[in-house]
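The structure under discussion appears below in the form of structure tokens.
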Amino acid sequence: MSLRINDTAPDFKAETSQGPINFHEWIGDNWAVLFSHPKDFTPVCTTELGAVGALEKDFAARGAKVIGLSVDPAESHSRWARDIKDVTGADVNYPIIADTDLKVAKLYGMLPAEAGDSCEGRTPADNATVRVVYVIGPDKKIKLQLAYPMTTGRNFDEILRVLDSIQLTAKHKVATPANWKPGEDIIITGAVSNEEADKIFPGYKTVKPYLRTAPQPK
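Read in order, the letters of the sequence shown are residues 1 to 218 in the working numbering.
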């Protein structure tokens with residue numbers, strides 16, 4: 001299954017380190033960040049899960065819930081959480097999906113259909129493509145997906161930055177430029193005429209006829 005931005009994130013039922021969930025029900029009216037891992041007790045992923053644990057309050061402040069996924073059983077996730085705490089100092093207070101039958105990885109197109117139906121005997125290299133970040137809106141649509149190689153740790157400050165941009169642009173007719181950070185100038189989208197821009201963004205700047213900037217709206 002090939003997923004694209006604005007597709008509905010596939011719903012599923014799964015066991016997690018915090019008990020069973022129905023994914024769409026778990027999201028509720030929140031934003032969600034789902035990030036996947038090829039296997040428990042892998043070094044890069046250990047640092048990533050700790051990084052998210054340390055940032056969980058920052059995600060919550062934006063109305064976003066975080067959830068991990070790893071191709072191993074829930075009881076293994078619980079043991080791994082102790083290592084993550086030891087290595088990073090951060091608690092894993094969010095759920096980690098146990099994808100022992102590879103169902104979710106296949107549903108999201110991270111593994112091919114012929115990958116089998118069990119995590120048993122599979123190495124991290126076998127599951128190397130299970131390293132994707134999905135940002136999902138309250139409407140259950142995929143707003144962002146980023147795939148990472150196994151050797152490169154993910155930058156979750158960047159995920160927070162993107163979440164800020166997505167939430168801002170969902171509320172206002174604006175876009176954000178390269179390397180934008182909250183509080184910096186935005187781009188007025190083409191959906192806003194110059195006449196409308198005079199009212200909504202008084203004093204906006206025309207850099208080019210197709211590029212108009214203004215202070216970030218509240």
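Ideal Cβ positions, reconstructed from N, Cα and C, are used throughout, including at glycine.
Q. Are G137 and W26 close, meaning C-beta to C-beta below 8 Å?
A. no
Q: Using three-state DSSP, classify H37 as helix, strand or coil.
A: strand
Q: Less than 8 Å between the CB atoms is what I'm expecting for K205 and H24, so what's the real figure, rounded?
A: The Cβ separation is near 42 Å, so there is no contact.
Q: Leaving out five residues on either side along the sequence, give the residues of the same chain with a beta carbon under 8 Å from the beta carbon of A113.
A: K106
Q) Do E114 and the ligand PLP come close, with the Cβ less than 7 Å from some heavy atom? A) Ligands displayed in this structure: none; no statement on the ligand PLP is therefore possible.
Q.
Let me check understanding here. Comparing Cα to Cα, which of V44, S2 and T176 lies closest to T223?
A. Nothing in the structure corresponds to residue 223, since the chain is present only between 1 and 218.
Q) Do you know offhand how far W180's Cα is from T47's? A) 26 Å
Q. With C-beta atoms as the reference, is A98 less than 8 Å away from D117?
A. no
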